[in-house]
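Mapping to full-length UniProt numbering: the sequence shown position 504 is 504, numbers consecutive. Written below as structure tokens is the structure these notes are about.
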Amino acid sequence: MSFNESQIQAIRHKDGPMLVLAGPGSGKTLVITQRTKYLIDEYGADPSGILVITFTRAAAREMQERFQKLMEGTASVSFGTFHAIFFSILKYAYGYTAANILKEDQKFTYLREILDHIELEIDDEADFLTGILSEISSVKNERTSLQTYHAKNCPDQVFRKIYHSYQQKLQKARLLDFDDMMVYCLELFESRPDILKAWQDKYRYILIDEFQDINQIQYDIVRLLAAPEDNLFIVGDDDQSIYRFRGAKPEIMLNFSKDYPKAQRVLLDTNYRSTPNIVEGASRIIANNKARFPKEINTVREKGKDIEFAEFVSPQEEYLKVIQQLKRYHEQGIDWNQMAILFRTNTQPGRLMERLLEYNIPFRAKDRIPNLYDHWITRDILAYIRLTRELTRQDFFQIMNRPKRYLSREAFDTPVVDFNCLRSFYEGKNWMQERIDKIEYDLKLLKNMPPYSAVNYIQHGIGYEEYIKEYADFRRLSAEDLYDTLNQLQESARPCHSYEEWFRHMEAYTRELREQVLARSHVPDGVTLSTMHASKGLEYQLVILIDANEGITPYRKAVLEADLEEERRMFYVAMTRAKSYLHIYSLKEQYGKKLTPSRFIGEYHLDLAGLVEGAPVNHVKYGDGVIRAVQNNKVKIYFPKPGKELLLDIHYCMSYQLLRLTASKGLNGRKVQ
């Protein structure tokens, strides 16, 4: 087997720390397995003293299988995830068994029991519980004081109560969750130097894959474990660090050389996966991040097709183009499972999935794609509509205070709501009489409206958007995200002329989606639908990125520079999943609002490496020009047509796609910065 120079340097490394920067498609798994083999075969290392750590069980299993194949199944090297390794340490210290590990369903059971004793009106229970568990994990991993922690999903005092109750349940049952494994392991090493030394003596060499995803507590434990010899071999790509929301800290990798001044560094600088056009384009964009290691990446493949950018008037037009492209590539001989549609959030592809089903294109979703028609907002809207037919208590109770009307359940004593009885209950309270009159009037108006108009009236005429705003404030959610759900629901109603037609569509779609997803989860030959996050580590001949717009990617919540850099890394990861063909689509309008293309598209067209004195450019307003100077994020350009020289802000021009290089002098398609 032949290796390039960078791979050889990494594989033959023996003692001391080493940082291996491994870009997309550069053979990092190969390097880790071959270096492990080299330690044993050439340096005489004891296989049982080598520890290889990964982030997922699947990655650990794949790494182990590849290594065992290399060694013909003879070496007893330890492969495992952080959690598996740390739990094995706790087993020896405290006698834990698998029975002491909290199961996933138990977490939710415990939290539901806790919520039964806390008065909270939660509409999106599953999302709320998932969010709370994520926060509990964050507090443990960051070793944050609860007194100073600012909760993201509910008021601070409520979160503190949930956290303490959750921990009490775990301790009473002698259970630990995955985060406790790390917390207890670090506490063990810090309090028992003798136990720490025993594990240090056991594991002489430590190799870590996907190091850019490490969090602080994992790093603290690994540093203790690797001491005093510090034979720590870390492999990763700072440009692919996309899990800050889970506690990953890319700065740990960026500061590795400060923690280990003697650490050697090697760049795996050859991308074997993608064409030069794709590598070059992705590299142009990621070069705009400031917190990163600069890299020059070589490619070995032929130049390939240009990246295609297209902008569409509406999502419907975009979806039709996606379907046309999928069918065209499939007719050219590319298997469905070599195609992927990538997006920023899992709420984006719902309507697209409806179109894929219509055109009988097989697909499989890597993430749980929520069914719009199962959303709690949809349930509220449908309750309003059903009340135009029959005033049932169940539907009325669901929406009677959405928006706030201050109606009490005590006012109802019959199976069917009677507005006259309701008025009698609130006799003498004129303000309540007015509210009862208004809701009765609203329901009469809704009765004969087409579905699209009905959703609009419920939102704006009845004031349902006020309820959404209040709920979002209480839950510390983005009201814009909830409005998007309402807008999606309204769009789905647009083609339907009656409630019956709309209901039939929802039922048919839900049934077919359930059947298709169930059937296709076992069928490998389908187009992959995936968030950018879930696509990491995968590759496809064709990748289509949809909805590349400001507010979507980068996401509207990304305000701080660190957030924007993470968004850019996600876009980079998505682009580099493509081996041969890459299409990036954006929208001009959605839900009646004008959209602008993502700034990342502007960064592609205005390559930083090509901004040099003498380079020809084109400005959307001033036409062709020539760069006179570049300094401090400003570019001085002479424009012959208006006959003047202008000083422009580079990043402003990128964000609004005002400026393009008309002939790149920077990149040659083989070597990229």
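C-beta atoms are modelled at their ideal positions from N, C-alpha and C, and glycine is treated no differently.
- Here Gln332 is exposed. Its C-beta has fewer than 16 other C-beta atoms within 10 Å.
- Lys579 and Thr275 have their C-alpha atoms roughly 6 Å apart.
- The segment 104 to 119 and the segment 154 to 169 touch, with three or more beta-carbon pairs separated by less than 8 Å.
- Annotation: Asn401 is outside any alpha helix (DSSP H) and is labelled neither H nor E by DSSP.
- DSSP, read as helix, strand or coil, puts Ala578 in strand.
- Ile118 sits exposed, since fewer than 16 C-beta atoms from the chains shown fall within 10 Å of its C-beta.
- Relative to Val235, the option among Phe211, Asn215, Ala479 whose CA is nearest is Phe211.
- The Cβ neighbour count for Asp209, taken over all protein chains shown within 10 Å, is at least 16; the residue is labelled buried.
- Here DSSP, grouped into helix, strand and coil, assigns Ala59 to helix.
- Annotation: the segment 78 to 110 contains the following complete segments of the alpha helix (DSSP H) (minimum length 4 residues), in chain order: 82 to 94.
- Burial state of Cys185 is buried, judged by a 10 Å Cβ sphere holding 16 or more other Cβ atoms.
- Beyond the five residues adjoining it in sequence on each side, Asp442 comes within less than 6 Å, by CB distance, of Ile462 in the same chain, given in chain order.
- Scanning the segment 206 to 265 for uninterrupted beta strand (DSSP E) segments of 3 residues or longer gives 232 to 236, listed from N- to C-terminal end.
- A distance of 8 Å or more separates the beta carbons of Thr388 and Val416.
- Following the DSSP letters along the chain, one finds Phe639 inside the beta strand (DSSP E) bounded by residues 634 to 639.
- Between the alpha carbons of Asn298 and Ala22 lies a gap of roughly 12 Å.
- In the three-state DSSP reduction, Met1 falls in the coil class, being neither helix nor strand.
- Taking all protein chains in view, the Cβ of Pro554 is crowded by 16 or more other Cβ atoms within 10 Å, so the residue is classified as buried.
- Taking one beta carbon from each stretch, the segment 213 to 221 and the segment 1 to 10 have fewer than 3 pairs nearer than 8 Å; the two do not touch.
- Judged by beta-carbon spacing, Arg569 lies beyond the 8 Å limit of Ile252, meaning their Cβ atoms are not closer than that value.
- Looking at the DSSP output, Gly625 bridges to Val617.
- The alpha carbon of Glu311 has as its nearest neighbour, out of Asn360, Glu302, Val322, the alpha carbon of Val322.
- In terms of Cβ geometry, Tyr591 and Glu491 form a close pair [threshold 8 Å].
- Asn420: member of the alpha helix (DSSP H) spanning 419 to 425, first to last residue.
- Looking at the DSSP output, Pro597 bridges to Asn549.
- Taking C-beta separations shorter than 6 Å and ignoring five residues to either side along the sequence, the partners of Ile206 in its chain run Leu51, Ala226, Leu232, following chain order.
- Using a Cβ distance threshold of 8 Å, Gln264 and His13 count as a contacting pair.
- Between the C-alpha atoms of Tyr464 and Thr378 there is a straight-line separation of about 12 Å.
- Taking C-alpha positions only, Gln171 is separated from Ile101 by approximately 12 Å.
- In this structure, DSSP gives Leu382 a helical state, which the three-state scheme calls helix.
- Within the DSSP secondary-structure output, Glu589 pairs in a beta bridge with Lys594.
- If one requires a minimum length of 3 residues, the beta strand (DSSP E) runs lying completely within the segment 276 to 325 are 297 to 299, 308 to 312, in chain order.
- Here the segment 552 to 567 does not lie against the segment 351 to 366, with fewer than 3 beta-carbon pairs under 8 Å apart.
- Membership of Ala493 in the alpha helix (DSSP H) is indicated by the continuous run 479 to 493.
- Beta-bridge annotation (DSSP): His583 is paired with Glu308, Ile544.
- Under DSSP, Asn271 shares a beta bridge with Thr299.
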